[in-house]
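Residue numbers for the sequence shown follow my numbering, beginning at 2 and rising by one.
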Amino acid sequence: MPIDTETIADTIRQALGLGSIRPSREELVATDEALRGHVALLLVEARRITSPHPPDRYRLDRITKHMAFSLGKGILSAYAEVPQRARDCQWLLAYYTASRGEYRPCRAASAALPEAPTAGRQA
Numbered sequence: 002m003p004i005d006t007e008t009i010a011d012t013i014r015q016a017l018g019l020g021s022i023r024p025s026r027e028e029l030v031a032t033d034e035a036l037r038g039h040v041a042l043l044l045v046e047a048r049r050i051t052s053p054h055p056p057d058r059y060r061l062d063r064i065t066k067h068m069a070f071s072l073g074k075g076i077l078s079a080y081a082e083v084p085q086r087a088r089d090c091q092w093l094l095a096y097y098t099a100s101r102g103e104y105r106p107c108r109a110a111s112a113a114l115p116e117a118p119t120a121g122r123q124a
C-alpha cells in the first residue's frame, strides 16, 4: 500500500494548527486517531528502509513506546499529546520522503514568518 505523503502532511498541519484554536475533545481524538494511523505506517517503513543514514534508533523506540499510550481522559493531556504525536509523525515523514529522494521542506512555515521591521533603519 503506497503511503499518501500529502494526506499525512495535511494531517500534521491540521494537528499543529489546533494549538491556535480551542478544539473540542472530539476534534483532538479524531486528529490523534488519524496521526496514530500515519505514525504506525511510517514506523514500519522507517524500520524497513535500508539507508546509509539510518534513522535515530532512540527516537524510533521512543515513538514506538509513545504509541502504546492512549490520548488520556483530560483535555490538557490531549492538548499536549496531539502536537507531540504530530511532531513525531512529521519527523517520520521527513525521514521517509528523504529516503525516497522526495523530501521538500515546507514553504508555508517560512512564508508565515513576519519580516523584520524596517522602520527607523537606514540603508
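Even glycine gets a Cβ: it sits at the ideal position worked out from N, Cα and C.
What's the C-alpha gap between ALA31 and GLY102? Just so you know, the alpha carbons of ALA31 and GLY102 end up roughly 31 Å apart.
Reduced DSSP secondary structure (H/G/I, E/B, other) of ASP89: helix
Between the stretch 55 to 70 and the stretch 2 to 10, do three or more beta carbon pairs fall short of 8 Å? Cβ pair count under 8 Å is below three, so no.
Could you check what DSSP says for ARG122 in three-state terms: helix, strand or coil? Caution is warranted here: a pLDDT of 40 is assigned to ARG122, below 50, making its placement in the model unreliable, and the coordinate value is therefore given only provisionally. Three-state result, ARG122: coil.
With HIS39 as the anchor, note down where its alpha helix (DSSP H) starts and where it stops. 26 to 49
Pairing CB atoms from the stretch 75 to 83 with CB atoms from the stretch 41 to 49, are three or more of them under 8 Å? As far as the Cβ criterion goes, the stretch 75 to 83 does not touch the stretch 41 to 49, which means the pair count is below three.
Simplified DSSP state of PRO55, which is helix, strand or coil: Looking at PRO55 - three-state DSSP - the assignment turns out to be coil, as it is neither helix nor strand.
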